[in-house]
Amino acid sequence: MTQPAHQPDAALQAALLQTLGAETAREMLETMWTIRIFEEKAKELYALGRIHGTMHLSIGQEATAVGASFALRRGYDYLLNHHRGHGHCLSWSGDVDRTMAEFMGKETGFCRGRGGSMHIADVERNNLGANGIVGGGLPIAVGVGLSIQLRGTDQVVMVIFGDGASNEGAFHESLNMASIWRLPVVYLCENNQYGMSMPVARAMNVEHISQRACAYGIPGVTVDGNDLLAVYDAVSQAASRARAGSGPTLVEAITYRWEGHSKSDRQAYRTRDEVREWQQRDPIPRFAQTLIAAGLLDEAEAAALHDRACAAVEASVAFAEASPEPAVETLMEGVYA
Amino acid sequence: MPETLVQTRPAETQLTRELTYMEALREALAQAMEADERVFLIGEDVGVYGGAFGVSHGLIERFGPERVRDTPISEAAIAGACLGAALAGMRPVGEIQFMDFVTLSMEQLVLQAAKVRFMFGGKATVPFVLRMPGGAGTGAAAQHSESLENWFVHVPGLKVVMPSNPYDAKGLLLSAIEDDNPVIFVEHKLLYKVKGPVPEEMYRVPLGRSAVVREGNDLTVVATGLMVQRALEAAETLSREDGIELAIVDPRTLNPLDDEPIIASVARTGRLLVVHEAVGTGGYGGEIVARVAASEAFDYLDAPIRRLAGRDVPIPYNRELERAAIPQVEEIIAEARALAQGRV
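Chains as they are written, first to last, in my numbering: chain D, 11 to 347; chain H, 534 to 877.
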C-alpha cells in the first residue's frame with residue numbers, strides 16, 4: 011500500500027500550479043519566507059533576552075507546513091499540530107502579529123500570553139492548537155473526526171506530528187480508531203529525521219513511517235517534505251479521500267530541521283556536514299525557482315515577496331512590543347468555563 | 534435553611550418512585566441524549582453489552598450504534614475522542630470500564646483536557662464527562678478496585694463529581710453533561726444496586742454544592758461516595774445505642790469543593806471525622822481537614838480532627854483482607870463514638 015517517495019513529475023507539477031493559480035502560489039512562497047524570517051527573528055530576540063522560555067524552530071521544514079495547510083480549507087477544516095508548530099500556525103492563520111505577541115507573552119497573543127511558543131492555537135479558525143506532548147494531538151484528532159462525522163459536515167481534520175510521535179502508543183490507538191470508523195482525518199507525519207537526538211533509523215525498524223499505515227488498513231504515502239507541491243498534492247489527495255468518507259491516510263513528509271531541537275541543544279548527535287548538505291536542499295528557493303520556471307514569477311517579484319515577509323515580521327515585533335502584558339489579576343481566568 | 538444546604542432528597546410527593554443508582558444514571562443518559570443531539574456515549578462495551586456493569590443497557594437499541602459507540606480497548610483514545618469531539622462542538626459522555634484503567638488515559642486528561650482552555654487563553658470549551666466506576670468490595674483485587682478520585686482533584690481545569698445515592702447520581706450526571714468543562718464522574722460499583730427515590734423529570738443537582746445529608750449536634754462526618762451510605766448506617770446505630778447524633782456532609786463535587794456547609798457544621802458540633810475509601814496518605818481528607826483547620830470552625834473544635842480512610846495498601850483479593858483495607862461501618866461507629874465521647 012505504501013508508495014515511497016511520491017514525487018510529482020513535470021506534468022503533474024504543471025497541473026498542480028494551474029490548480030493553485032499564480033496568486034495562491036505566490037502567497038505560498040511568501041508564507042514560507044514569513045515562517046523562515048519569523049523564526050530567525052524569534053531566535054535573535056531570544057538571544058537578546060526579549061523572548062524567554064524555549065522554542066522549537068522549524069527552519070528548513072517550511073514546505074511541509076505551507077504545502078499541507080494550503081491543501082485544506084483553513085478556518086473551515088480543523089488543524090492539530092505539535093511543539094514545532096510555528097510554521098503551521100503562520101500558514102493556517104497568516105497572523106504574524108498575534109503569533110509574535112504570543113512569543114512575547116503578551117495579552118494580544120493568540121493565547122493571551124498563556125500558551126507561548128509551544129501551545130499556539132487559533133480556535134476561531136479551527137486551529138485547535140500546538141501540543142507540547144509528543145503524540146498528544148493524535149487521540150484528540152479521533153474526537154474531532156468523530157464530531158465531523160456525527161455532525162455530517164464535509165470538514166476534515168489534519169493532525170501533524172513528528173517521527174518520534176509515531177513510536178508513542180497514542181499513535182496506534184488513534185490510527186486504529188480513525189480507520190475502523192473511517193473518520194475524516196489526515197495524519198501528517200513530519201519526519202525531520204530526529205526525535206530530539208534520536209535518529210529515526212535507531213528508533214524504528216521500518217524504512218518509511220508510512221509503512222506503518224498497513225497495520226491499520228489505510229493508505230500510507232511518503233513524500234519529499236521539502237517539495238511544496240509534493241506535500242500539497244499528497245495532503246490534497248488525503249483530504250479528498252477523507253471527505254469522500256473513505257477514512258484516514260497517513261502522509262509522511264521527509265524533511266530536516268536545520269536548527270537544534272530546542273534552545274538547549276548542542277547538536278552532538280549529528281555532523282555539520284549533514285546539516286550543510288540539507289541546507290543545500292532549501293525548500294524556499296526551490297519553490298521560487300519552480301514558479302519562475304513556470305512563468306508565474308520573476309526574480310524581482312520573488313525579491314518583493316521576500317521583502318514583504320521581512321516587513322511583516324518587523325511590524326509584528328513592533329506590535330508585540332507595544333502590546334500590554336497580561337494583568338496579574340487575570341491569572342485565574344480561563345481555568346474553567 | 535442556608536443557601537448552601539441544598540436539598541438532597543426530592544419533595545414528599547415524588548418519593549414514591551424508586552430507582553437503583555444504575556437506573557438513575559441510565560435515565561440521565563437517555564434523557565440527555567433525547568434532549569440534545571450533541572450528546573453521545575463512547576466506551577468499551579457500552580453498546581450491546583450495555584457497559585461492563587450494565588449502566589448503558591438498552592441504550593444502543595434506543596439511540597443506535599453511532600450514539601452509543603463501542604470502542605476498541607484504547608483508553609487514551611477514548612479520552613482523546615471525548616476531548617476532540619468536545620472541542621469540535623459535541624458533548625460526549627465517555628465511559629472508562631474500571632476507574633483503574635483511567636491511568637491509561639492520564640495524559641489526555643491531565644495534560645490535554647484540563648489545560649487546553651487555559652493554554653489557549655480561555656478561548657476553547659471542553660464539555661465532556663468521563664464516567665468511571667471506582668472502589669473495592671467486589672473481590673476484583675488490586676487492578677480493578679482503585680479509588681483514584683483525588684488524583685484528578687489535584688488538576689486545575691477538571692471537575693470531579695462523586696454521587697453517593699441514586700437521586701444525586703441522576704441530578705449530578707445531568708449537570709455534568711451540561712457543564713462546559715471536563716468532568717470526571719466517579720461512580721461506585723457497590724452503589725449501582727442501591728435504591729432510592731428518583732423523580733422522572735430532568736432535574737439537576739448543581740455541581741460544586743455540598744449536601745448536609747443528616748443533621749446532628751454531636752459530631753460532623755464528612756464522607757464521600759460509598760462512605761456516605763456507611764456513615765448513614767453508622768449514624769443510625771449511634772443514635773439508637775448511644776444517643777450520639779451525627780451530622781453528615783457529602784461534598785458530592787470534590788472539585789470545586791463547597792466547604793461552607795462543612796465549616797458551618799463543624800462550628801456547630803466542634804468535632805470532625807472525615808471518611809473516604811481512597812488511601813489516606815495524600816488523600817482527599819487532608820484537603821477537608823486543612824480547610825476546616827484554616828477556617829473559623831477551628832476555634833470551635835473540642836477534639837482532634839480524625840480521618841478514617843483506606844489503608845495505604847493495594848486492594849487484596851482475599852475477602853477478609855479486602856474488608857480490612859477500606860473503612861467499614863463498625864469502624865466508623867468506633868471512631869465516631871470515641872470522638873464524641875471525648876476519648877480521642
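Idealized CB from N, CA, C, for every residue including glycine.
Against D/Y279, chain H offers no close residue; the least beta-carbon distance is about 26 Å (beta-carbon pairs closer than 9 Å).
For a Cβ distance threshold of 8 Å, residue set C121, R124, G125, H129, A131 and G139 of chain D lies close to H/M652, ordered along the chain.
Per the C-alpha coordinates, the member of D/S127, D/I294, D/R135 and D/C121 positioned closest to H/M652 is D/C121.
For D/L156, at least one C-beta of chain H is nearer than 8 Å to its own C-beta. Taking 8 Å as the threshold, the shortest C-beta distance from D/L260 to chain H does not fall below it. Neighbours of H/Q861 in chain D, taken as residues whose beta carbon is under 7 Å from its own, are absent, since the nearest beta carbon is some 36 Å off. Contact between H/V877 and H/R839 is confirmed by a C-beta separation of about 6 Å, below the 8 Å threshold. Per DSSP, D/T259 is not a residue of any alpha helix (DSSP H); the beta strand (DSSP E) it occupies stretches across T259 to I264.
Counting C-beta atoms within 10 angstroms of its own C-beta, D/T29 has fewer than 16 neighbours from the protein chains shown and is therefore classed as exposed. Residues E608 of the same chain have their beta carbon placed closer than 6 Å to that of H/F634, with the five preceding and five following residues left out of the count.
In this structure H/Y582 is exposed. Its beta-carbon is surrounded by fewer than 16 other beta-carbon atoms within 10 angstroms. A residue is called buried when at least 16 other Cβ atoms come within 10 angstroms of its Cβ; D/I190 does not meet this threshold and is exposed. Judged by DSSP in its simplified three-state form, H/E720 adopts strand. The Cβ of D/V144 sits no closer than 8 Å to any Cβ of chain H.
With 16 or more neighbouring CB atoms inside 10 Å of its own CB, H/E868 falls in the buried class.
Residues R840, A842, G843 and D845 of the same chain have their beta carbon placed closer than 7 Å to that of H/G813, with the five preceding and five following residues left out of the count. At least one CB of chain H lies nearer than 8 Å to the CB of D/Y88. For the set H/A764, H/Y554, H/L642 and H/L771, the Cα lying nearest the Cα of H/E810 is the one of H/A764.
At a Cβ-Cβ threshold of 8 Å, H/M555 and H/Y736 do not count as neighbours.
Identification of residues in the stretch 711-734 of chain H having a C-beta nearer than 7 Å to some C-beta of chain D yields D713 and N714, given in sequence order.
In the three-state DSSP reduction, D/G31 falls in the helix class (H, G or I).
In the three-state scheme derived from DSSP, where H, G and I count as helix and E and B as strand, H/N683 is classed as helix. Within the stretch 675-690 of chain H, contact with chain D at the beta-carbon level (separation under 7 Å) is assigned to P689 and G690.
Under the 10 Å beta carbon count, H/D783 is surrounded by 16 or more other beta carbons and is classified as buried. Just so you know, the alpha carbons of H/R856 and H/G670 end up roughly 7 Å apart. The DSSP assignment places 293-303 and 309-332 as complete runs of the alpha helix (DSSP H) inside the stretch 284-340 of chain D, in order along the chain (cut-off: 4 residues). When C-beta atoms of the stretch 125-133 of chain D are compared with those of the stretch 61-68 of chain D, three or more pairs fall below 8 Å, so the two segments count as touching. For a cut-off of 8 Å, the C-beta gap from D/R94 to D/G172 is around 7 Å, short enough to register as a contact. The stretch 587-604 of chain H makes no contact with the stretch 758-774 of chain H, as fewer than three CB pairs between them are under 8 Å.
Here D/L193 really is in contact with D/Q159; their C-beta atoms are around 6 Å apart, less than 8 Å. Contact between the stretch 221-230 of chain D and the stretch 289-305 of chain D is absent: fewer than three C-beta pairs spanning the two stretches fall below 8 Å. DSSP places H/R844 outside any alpha helix (DSSP H), giving it a letter other than H or E.
The stretch 31-41 of chain D and the stretch 302-315 of chain D touch, with no fewer than 3 CB-CB distances between them shorter than 8 Å.
The beta carbon of D/P209 sits no closer than 8 Å to any beta carbon of chain H. Inter-residue distance for D/T44 and D/G142 is about 23 Å (C-alpha atoms, whole angstroms). Within chain H, no residue has its CB atom less than 7 Å from the CB of D/A32, the nearest being about 34 Å off.
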